[in-house]
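Take the sequence shown: its letter number 44 is residue 47 in the numbering used here, and every next letter is one higher.
A short write-up of the structure that comes next.
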Amino acid sequence: MTCQKMVSKEEPRSLRDANCNLVSDRVLSSNMATFVVTTSFKIDVGKIQEAKNLAQRFGVPYLERKKYSVRYLIGETAGALVVYKDKLIYVSRDEEELSFHPDTAMLRIKNGHDPLIDLLGSEPLKILDATMGLASDSILMAYHGHQLTGVEANPLIHLIVSQGLQIFETSNKRLEKAMRGIEAQCADHFSLLKSLPDGEFDIVYFDPMFSQALTSSPSFQGLRELACQARLDEQVLAEARRVARQKIILKAHFRDPIFEKLGFARQIRPNSKFHYGVIDL
């Protein structure tokens, strides 16, 4: 699967938009080249216009919802981006859903102890999450006082997650503040790293999650279909070494040989599917 560029007739309005337009040449890969945009039932005029704008932004059809099911509107396309009052949901042809919810981060916060936070230490750090995905790690780190920039190469995932970070409401106002403070950029992490000055961040964090695909979570299923499956390699690591001042941290499946291949000191976690690796700089 190759990452591809959002189709837009507008000129980029910012560096963030420009980065997003450089991701690749179409919205999604060959099997995801076409999807539709629609709304939920009984939606207001403003949300209908938002859906139309998104369809134009991605260069895909807008379909009026009327009384049709999402599955009917998807037809022979790859899926549908559905605009709701307070969220966006991508529904695949197989009726798997991808949406934003900080439930994983909330659970880790509730547990009170997390090995990633232990690795970071107590001092506030400036962190680049180079593989943001659904932003669970970014939210957790931001909640513990760190300054987060998250990078996601796929324009649809970036759209769903970046909007969710800004509008999701919770009674936990500290969590809400943490989400609002995350800067979510749409870019290929290698290209972004190359564009950054030396020592721009204290920590560069990677979670290249597709080397060992896990299928237990419906959210993961949707993410796996959409995500840009770029591996962490020596070229990317060289740029990360230049950009990070203190550490590069890697999260990967415990069976993944990437730790030893790229020289990370593995932090073994008994009875866990994931280990962390660290390169101290």
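Every residue, glycine too, gets a C-beta built ideally from N, C-alpha and C.
Please read all numbers here as calculations on a predicted model, not as lab measurements.
Secondary structure of F61 (DSSP, three-state): helix.
Three or more beta-carbon pairs separated by less than 8 Å are not found between the segment 94 to 104 and the segment 42 to 62, which leaves the two stretches without contact. By the Cβ test, the segment 235 to 247 is not in contact with the segment 162 to 180, since fewer than three Cβ pairs between them sit closer than 8 Å.
Within 10 angstroms of the beta-carbon of E263 lie fewer than 16 other beta-carbons, which makes it exposed. DSSP lists K254 and Q270 as the beta-bridge partner residues of Y279. Within the DSSP secondary-structure output, A187 pairs in a beta bridge with G153.
Secondary-structure assignment with DSSP links D132 through a beta bridge to G153 and Y208. The beta carbon of Q150 lies closer than 8 Å to those of P127, L128, K129, I130 and G184 in the same chain, with the five residues before and after it left out. In the pairwise beta carbon analysis, the segment 115 to 122 is classified as not touching the segment 178 to 197: fewer than three pairs are separated by under 8 Å.
Its Cα nearest to that of R74, the residue S43 stands out among S43, D47, Q52 and D89.
V154 places its beta carbon 8 Å or farther from that of A181. Using a Cβ distance threshold of 8 Å, L137 and V94 do not count as a contacting pair. In terms of CA proximity to L199, A241 leads the group L235, K90, A241 and T37. Contact between V281 and L122 holds, with the beta-carbon distance rounding to 6 Å and staying under 8 Å. In this structure, E98 keeps its C-beta atom at 8 Å or more from the C-beta atom of T152. E179 is the residue among P158, E179, L159 and I160 whose C-alpha sits nearest the C-alpha of Y146. In this structure, the alpha-carbon of G124 lies about 16 Å from that of L253. Under the three-state reduction of DSSP, R248 is assigned to strand. In the DSSP assignment, A108 falls within the unbroken alpha helix (DSSP H) covering D106 to N114. I51 and T173 have their C-alpha atoms spaced approximately 25 Å apart.
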